[in-house]
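Asks:
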Amino acid sequence: MRSLARRWLALQAEIDALDSHLTAVVTDVAPELVALPGVGIDTAGQLLVTAGDNPHRLRSEAAFARLCGVAPIPASSGRTDRHRLHRGGDRDANSALWRITLVRMRCHQPTKDYVTRRTAEGKTKTEIMRCLKRYIARETFALLRATVTT
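For the sequence shown, our numbering gives the first residue as 11, with consecutive numbering after it.
(1) Can you tell me whether ARG94 is helix, strand or coil according to DSSP?
(2) Taking the alpha-carbon of ILE138 as reference, which of TRP108, LEU153, ALA156 has the nearest alpha-carbon?
(3) Among the residues of its own chain, which have a CB less than 8 Å from the CB of PRO82, if the five just before and after it don't count?
(4) Taking the beta strand (DSSP E) that PRO82 belongs to, which residues open and close that run?
(5) Is the stretch 62-70 close to the stretch 109-120, with three or more CB pairs under 8 Å?
(6) Compare the beta carbon distance of ASP100 and CYS78 with 7 Å and say whether it is the shorter of the two.
(7) Mind checking GLY88: buried by the 16 CB within 10 Å criterion, or exposed?
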C-alpha cells in the first residue's frame, strides 16, 4: 500500500510539473487564444497542436473547420433543409471546441442570448451547438494563424 501511495505522489508531482510547463508554453505562444471566453490551457494547447507548425497549409477557416470536424454537411430530405456535423476530422480538436461551446453556453452572456434567440426560432440544442462550434472554429483559426506566424 505504501508503494502505491509513493507512486501516486510521484505521478501527481509529474502531472503538476507538466501542467505548469504546458501553461507557460501556451500562454507564451498564444495569449490571445487563452484570453477568449471558455478557452483554457488544455483546449488552447489542443487547438495549437491541431493547427501544427504550419497553419498556412490550412488555406481557409473552412479548411480548419473541416479538420476539426465542425464543417456542416447538408442532410436535407424533401422539404426539410438541415445540416449535420462532419464526423471525421481531429476528434481531440472537436472535443476542445465542444468544451469551449459548452462553457460559453453556460457562462458567456452574448452566447446565452444567441441560444435563446435560436431556440425561439425552433432550433434544437444540437443544431445550436453545431452553429456555435463552427463560429468558434472561425474565431480561433484567425488567432491561431496570427499567433503561429509571429
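For each residue, glycine too, the CB sits at the ideal point set by N, CA and C.
Replies: According to the data block:
(1) strand
(2) Nearest option by C-alpha distance: TRP108.
(3) Short of 8 Å from the beta carbon of PRO82, and not among the five residues preceding or following it, lie these beta carbons of its own chain, in chain order: HIS93, ARG94, LEU95, HIS96, ARG140, ARG144.
(4) Note, PRO82: beta strand (DSSP E), 82-84.
(5) no
(6) Going by C-beta atoms, ASP100 is nearer than 7 Å to CYS78.
(7) exposed
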